[in-house]
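Below: one structure, written as structure tokens.
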Amino acid sequence: MTRDKKYKQFREAFNLLAREPLSKHTSFRVGGPADLLALPRDRQTLTALLTAAKKESLPFTIIGGGTNTLVSDKGVRGLVIILKALKSSPRILENNKTKKSEYNKETIYADGGERLSTVCKFAMEQGLSGLEFAAGIPGTLGGAIMMNAGTTAWDISQVIATIDIIDSKTLTYQTIARKDLSFSYRQLCLPDKIIIGAHLTLTKADPAGIKKAFAQSLKSKNTSQPVSLASAGCFFKNPSVHTPAGKLIEEAGLKGKQINGAQISNIHANFIVNTNNARCEDILALKKLVQKTVFEKYRIKLETEVKVTGE
Ligand SMILES: Cc1cc2nc3c(=O)[nH]c(=O)nc-3n(C[C@H](O)[C@H](O)[C@H](O)COP(=O)(O)OP(=O)(O)OC[C@H]3O[C@@H](n4cnc5c(N)ncnc54)[C@H](O)[C@@H]3O)c2cc1C
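Structure below.
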């Protein structure tokens, strides 16, 4: 069977979008088309898609909310599965608390495709503390867990109890406990696994205090980051807690530097922003310039935090 025929059959079987521009599905507003695009709404559909892709040897790429993803101008071959529709409302779990240390804790459950902001809002409404750091971080819960999203003070790994995954190789469901997860700075090492849900352990606290901490966190991000422009958040990882990438880039004189529609933000030098129809190649050219300049000046190799995907 020809590739085109195979794709057509696959598209019709699952009612997929064909040649869908990924610029429409990423916060950078950049990226060429996905050959096929799926937005599964439930776990059965996701499993059926993965099973069929495996049978047809069709490569697939996972995107959550697309807020930490830069897609190449040629786009992504094969199937792109966007998980942001895979969600139901977050909920509190009834559990028997046997230890005294558990009395002030509650466990909530949310799906992998749920917006992180929805999970934060739910926790706040329930008077549960632990997610205030995540105020203003866009994207899905699954993406936040894969990226170990956070701030300098806190990250999501600190509230994870277990995660539910589908293993894309064996197509089996598993629950993995926090102690068996290998989190590090802006990373969870979890190859071939798709996060479909997670239990989060939060602490009961004064709702007014939680609201205040959340608002402060949001205000500080809104004033220090270029939130009104298209970006994928911090582009580079901080080399260390004491050496923020943004400071190195700013001191190297690169703030405001522009290549076509891509610019090093004037507000926060670790943000590359899409000011005017930037292409992925413009952003990658800026990335290269930053890495070269910072290395020549400080002998420090900046690693990207943003995930680059596509052909
Ligand atoms: C304005 C702005 C501010 C930001 N501020 C912060 C911040 O303060 N702190 C911070 O850490 N980040 C920040 N970010 C970056 C980004 O929002 C986070 O990394 C976010 O958690 C990514 O979630 P996502 O669903 O959009 O992930 P995506 O970009 O969709 O995916 C990121 C990676 O995770 C994988 N992935 C996504 N979902 C799943 C899943 N369910 N199962 C398996 N793999 C999956 C993808 O394949 C990809 O490799 C910011 C971004 C923007 C645009």
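The working numbering puts the first residue of the sequence shown at 5, with every later residue one more than the last. Yeah, the Cβ is synthetic: ideal placement off N, Cα and C, and Gly gets one too. Quick caveat: nothing in here was measured; it's all calculated off a predicted structure.
| Query | Result |
| --- | --- |
| Assuming M96 contacts E110 (C-beta within less than 8 Å), just tell me the rounded distance between them. | The sequence shown places Ile at residue 96, rather than the Met named in the question. Contact holds; Cβ gap of about 6 Å. |
| With C-beta atoms as the reference, is G146 less than 8 Å away from G68? | yes |
| Using the Cα positions of V244 and K59, report the straight-line distance between them to the nearest angstrom. | According to the sequence shown, residue 244 is Ser rather than Val. Roughly 44 Å between the two C-alpha positions. |
| Let me know the secondary structure DSSP gives P211 once reduced to three states. | helix |
| Return helix, strand or coil for I141, following the three-state DSSP convention. | coil |
| Could you give the DSSP three-state label for T82: helix, strand or coil? | A small correction: the amino acid at residue 82 is Gly; Thr does not occupy that position in the sequence shown. Strand at G82. |
| Could you tell me the alpha carbon to alpha carbon distance between V298 and I263, rounded to whole angstroms? | 17 Å |
| Starting from the C-beta of N108, find all residues in its chain whose C-beta is less than 7 Å away, skip the five residues before and the five after it, and write them out in chain order. | T207, K208 |
| Would the C-beta of I199 count as close to ligand 1, meaning under 7 Å from any of its heavy atoms? | yes |
| Pairing CB atoms from the stretch 230–241 with CB atoms from the stretch 263–277, are three or more of them under 8 Å? | yes |
| With a CB to CB cut of under 7 Å and the five nearest residues on each side skipped, what residues in its chain are close to L222? | A139, G140 |
| Is the beta carbon of T71 sitting closer than 8 Å to the one on A236? | yes |
| What does DSSP give as the partner residues of K197 in its beta bridges? | D171 |
| With C-beta atoms as the reference, is N274 less than 8 Å away from A249? | yes |
| If we ignore side chains and look at the alpha-carbon of each, how far apart do I253 and G131 end up? | 39 Å |
| What does Y177 pair with, by DSSP beta-bridge criteria? | I170 |
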